[in-house]
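Chains as they are written, first to last, in our numbering: chain A, 323 to 860; chain B, 16 to 269. Below is one structure, written out as structure tokens; comments come after it.
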């Protein structure tokens with residue numbers, strides 16, 4: 323059967339509301355195509371005015387990987403946002419006065435509903451700009467009604483920060499259906515496929531534009547994905563992981579300095595924490611002197627960023643608290659908020675100063691040097707052991723420790739016991755995440771999942787504690803500085819402390835369920851199998 | 016999804032114009048709008064250049080056995096779809112009467128549309144009929160174009176009396192002065208009286224304008240060809256008032 327007819331049939335089967343894009347290669351003459359269309363269909367043509375649009379997404383490509391594309395273009399003094407799925411279906415439109423930054427800036431409606439839950443607290447950043455020129459051909463029926471549209475477009479991609487140079491893409495032809503006119507759309511699609519033999523475009527418009535300016539979707543993710551050879555010597559494997567973590571730190575630095583959103587600092591801190599975890603849990607593998615030095619330096623770095631992160635979380639929690647309060651208390655909440663923002667700015671200043679310091683610059687360069695070379699004469703005996711054996715041993719040991727500490731928590735409920743368990747869980751989880759690639763997914767993933775659930779409970783408990791402590795400090799500060807409305811703010815603070823304390827009690831109740839789930843014999847058996855399969859010795 | 020019906024007991028008062036123009040304005044603002052042409056005459060359908068349906072399917076549709084989406088056509092304007100008129104809608108009273116709860120039937124039919132549209136606007140045929148009752152029970156508000164004459168006010172009074180007795184308690188009624196001709200002294204008089212009447216007239220009134228009648232000739236909605244005319248601006252102000260009225264929750268009638 324004719325190849326083009328087969329393609330036309332398969333396109334028909336997929337037809338629905340989704341437009342279809344074709345690429346005009348150098349073999350195809352747009353003018354000839356135009357003439358052919360004019361000869362076979364009643365058309366109205368309109369030269370489109372030159373348009374510019376910029377695509378937006380979060381730093382970690384949240385919209386892209388959910389198959390969504392968000393673009394903004396200026397029209398008559400306002401900014402028009404369009405949300406489409408990757409196959410071109412419209413999923414929402416909105417009009418705003420300034421470029422969109424956060425979900426809260428978007429007007430209520432379909433567009434916000436579709437993306438707010440995905441992007442959450444992350445900022446929308448410009449990805450790539452496109453300059454388009456083209457023509458729209460409207461195919462008309464006997465009533466003069468448009469039944470299907472064809473966009474013939476010539477686009478150029480540009481970096482939204484720099485605007486020049488503009489990189490041209492191959493011209494494209496896009497069929498945009500009108501709802502309820504399936505037969506007409508099919509007719510046109512078949513005509514184009516069989517008549518001109520245009521190839522269907524590879525991927526969607528955004529992917530092409532990104533490629534044109536040299537960017538790849540997913541060039542950043544917060545997940546740690548490092549390919550490891552199970553038989554590689556332990557110190558070689560660990561250096562690979564550490565290098566990946568250093569890359570994550572560096573990737574987040576710019577966004578962190580510019581204070582684009584709270585997650586840059588969060589991801590930076592996670593990378594630092596993971597680095598410290600390796601430095602702490604593999605003392606027998608990495609060379610002693612340097613290991614000790616870097617452990618201290620990363621501890622310094624982690625310690626400096628802690629207060630900023632705590633305040634980020636606290637301020638977000640306060641925003642959430644707003645909906646639980648009656649409007650009369652909003653002024654008091656604002657006074658409290660201002661105090662916290664003041665503290666936040668001070669802590670941020672300290673932290674940025676540390677990033678600008680010589681100490682930090684030295685840390686990064688010495689660390690990189692350390693990671694790029696091998697241990698040489700400082701090599702420890704255990705360093706040559708295959709990583710899979712060492713990893714399994716550590717994982718098993720850490721799991722047993724967490725089980726034991728967890729059993730301490732239930733009867734007494736002491737905050738120190740909870741704190742210790744939280745540390746155990748974190749260490750165990752990092753281990754599982756570092757070495758996940760080497761193990762059977764069936765074994766590792768369910769364990770990581772119940773571990774995450776347990777950690778969330780413990781984390782919430784910890785956050786509530788930190789926030790109560792911070793509120794107590796804020797209460798003292800309000801008493802000293804006495805800004806306008808300080809008494810009401812003080813009363814509100816007291817109320818919030820009480821509320822958080824009650825919530826902690828509720829969280830502790832959820833703990834036993836979470837821990838049982840985690841320490842379940844099923845998980846233990848899985849872990850045993852995982853460790854045995856890797857040649858470890860449980 | 017918010018639902019609005021352009022309704023009047025009398026014919027020829029500007030229902031189709033109001034329904035079409037407001038639907039267009041809503042879509043321009045970025046909302047997803049469905050305009051449902053319930054009038055078997057199919058004036059709105061004609062104005063948007065869609066072919067009305069003459070045979071097949073209306074009974075199944077009104078009995079809930081066929082998805083309303085099958086009658087939907089995209090208009091030439093992004094965000095605005097039209098559920099086209101069907102000649103069989105002239106028998107709607109009889110068809111609805113065959114269902115179990117005729118006045119609730121329409122409300123049931125439109126539920127699946129709520130996922131796809133932000134606004135549903137009905138263009139209704141005139142008269143107090145079973146179909147009209149079905150609309151009363153299906154929508155958030157009635158937009159009632161009222162030409163400023165004594166007899167129109169009487170019809171409005173009749174509608175209010177009817178709704179108080181037999182209509183749903185949380186239905187909003189939004190009358191507005193339509194096709195106002197400032198040259199006629201009767202029109203001027205009635206316009207002045209209207210504000211004092213207990214019918215809740217909206218402030219915006221739409222002037223009589225030949226551009227509006229042009230919609231059936233050009234077969235495009237008014238703002239698409241006369242963006243800055245007086246009538247367009249009046250409809251825009253009307254649309255703002257309608258949106259504001261539907262923001263606040265309805266008071267239940269005692």
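Positions of the beta carbon are idealized from the N, C-alpha and C atoms, including for glycine. Computed from a prediction, not measured in an experiment: that's the story for all the values here.
{"query": "Alpha carbon to alpha carbon, what distance is there between residue 739 of chain A and residue 321 of chain A?", "result": "Here chain A has residues from 323 to 860 only, and residue 321 of chain A is not among them."}
{"query": "Residue 162 of chain B lies in the beta strand (DSSP E); which residues open and close that run?", "result": "Unbroken run through residue 162 of chain B: none, as it is neither H nor E."}
{"query": "Using the DSSP secondary-structure output, state which residues sit across from residue 345 of chain A in a beta bridge.", "result": "A:494"}
{"query": "Do residue 196 of chain B and residue 432 of chain A have their beta-carbon atoms positioned less than 8 Å apart in this structure?", "result": "no"}
{"query": "Within the continuous alpha helix (DSSP H) that includes residue 783 of chain A, where are the two ends?", "result": "763-803"}
{"query": "Would you list, in sequence order, the uninterrupted alpha helix (DSSP H) runs of no fewer than 4 residues that lie entirely inside the region 173-247 of chain B?", "result": "200-209, 225-228, 237-240"}
{"query": "Check whether the region 539-548 of chain A touches the region 742-759 of chain A, counting contact only when three or more Cβ pairs, one atom from each stretch, lie closer than 8 Å.", "result": "yes"}
{"query": "Counting only beta-carbon atoms, is residue 179 of chain B nearer than 8 Å to chain A?", "result": "no"}
{"query": "Residues of the region 60-79 of chain B in Cβ contact with chain A at a cutoff of 7 Å, in chain order, please.", "result": "64, 65, 66"}
{"query": "Which residues in chain B sit within 8 Å of residue 501 of chain A, going by Cβ to Cβ distance?", "result": "87, 88, 89, 96"}
{"query": "Taking only three categories from DSSP, how would you classify residue 751 of chain A?", "result": "helix"}
{"query": "Name, please, each residue of chain A whose Cβ falls closer than 7 Å to the Cβ of residue 47 of chain B.", "result": "432"}
{"query": "Between the Cα of residue 420 of chain A and the Cα atoms of A:409, A:437, A:407, A:395, which residue gives the shortest distance?", "result": "A:395"}
{"query": "Rounding to the nearest angstrom, what Cα-Cα distance links residue 167 of chain B and residue 238 of chain B in this structure?", "result": "27 Å"}
{"query": "If I measure Cβ to Cβ from residue 539 of chain A and keep anything under 7 Å in the same chain, skipping five residues before and after, which residues do I get?", "result": "383, 386, 529, 532"}
{"query": "Under 9 Å between beta-carbons, which chain B residues line up against residue 467 of chain A? List them in chain order, please.", "result": "63, 64, 65, 66, 88, 90, 91, 234"}
{"query": "By the criterion of Cβ-Cβ separation under 8 Å, what are the contact partners of residue 133 of chain B in chain A?", "result": "431, 432"}
{"query": "Between the C-alpha atoms of residue 560 of chain A and residue 753 of chain A, what's the straight-line distance to the nearest angstrom?", "result": "11 Å"}
{"query": "What runs of the alpha helix (DSSP H), each 4 residues or longer, lie entirely inside the region 551-595 of chain A?", "result": "556-579"}
{"query": "When the Cα of residue 587 of chain A is compared with those of A:572, A:464, A:600, A:373, which residue comes out closest?", "result": "A:572"}
{"query": "Anything in chain B within Cβ reach of residue 417 of chain A, meaning under 8 Å, just list it in chain order.", "result": "44, 45"}
{"query": "Would you call residue 377 of chain A buried or exposed, if buried means 16 or more other Cβ atoms sit within 10 Å of its Cβ?", "result": "buried"}
{"query": "Do residue 728 of chain A and residue 779 of chain A have their C-beta atoms closer together than 8 Å?", "result": "no"}
{"query": "In whole angstroms, what is the alpha-carbon distance linking residue 443 of chain A and residue 424 of chain A?", "result": "7 Å"}
{"query": "Under the DSSP definition of a beta bridge, which residues are partnered with residue 468 of chain A?", "result": "A:462"}
{"query": "For the region 219-229 of chain B against the region 238-252 of chain B, are there 3 or more C-beta pairs whose distance is under 8 Å?", "result": "yes"}
{"query": "What residue does the beta strand (DSSP E) around residue 21 of chain B start on, and which one ends it?", "result": "17-21"}
{"query": "Helix, strand or coil for residue 694 of chain A per DSSP?", "result": "helix"}
{"query": "Give a yes or no on whether the C-beta atoms belonging to residue 178 of chain B and residue 151 of chain B are separated by under 8 Å.", "result": "yes"}
{"query": "What residue ranges within the region 379-404 of chain A form continuous beta strand (DSSP E) runs of no fewer than 3 residues, ordered along the chain?", "result": "390-397"}
{"query": "Expressed to the nearest angstrom, what Euclidean distance is found between the alpha-carbon atoms of residue 647 of chain A and residue 821 of chain A?", "result": "12 Å"}
{"query": "If you measure between the beta carbons of residue 509 of chain A and residue 499 of chain A, is that distance less than 8 Å?", "result": "no"}
{"query": "What residues in its chain sit with their C-beta under 7 Å from that of residue 350 of chain A, if we drop five residues either side in the sequence?", "result": "518, 520"}
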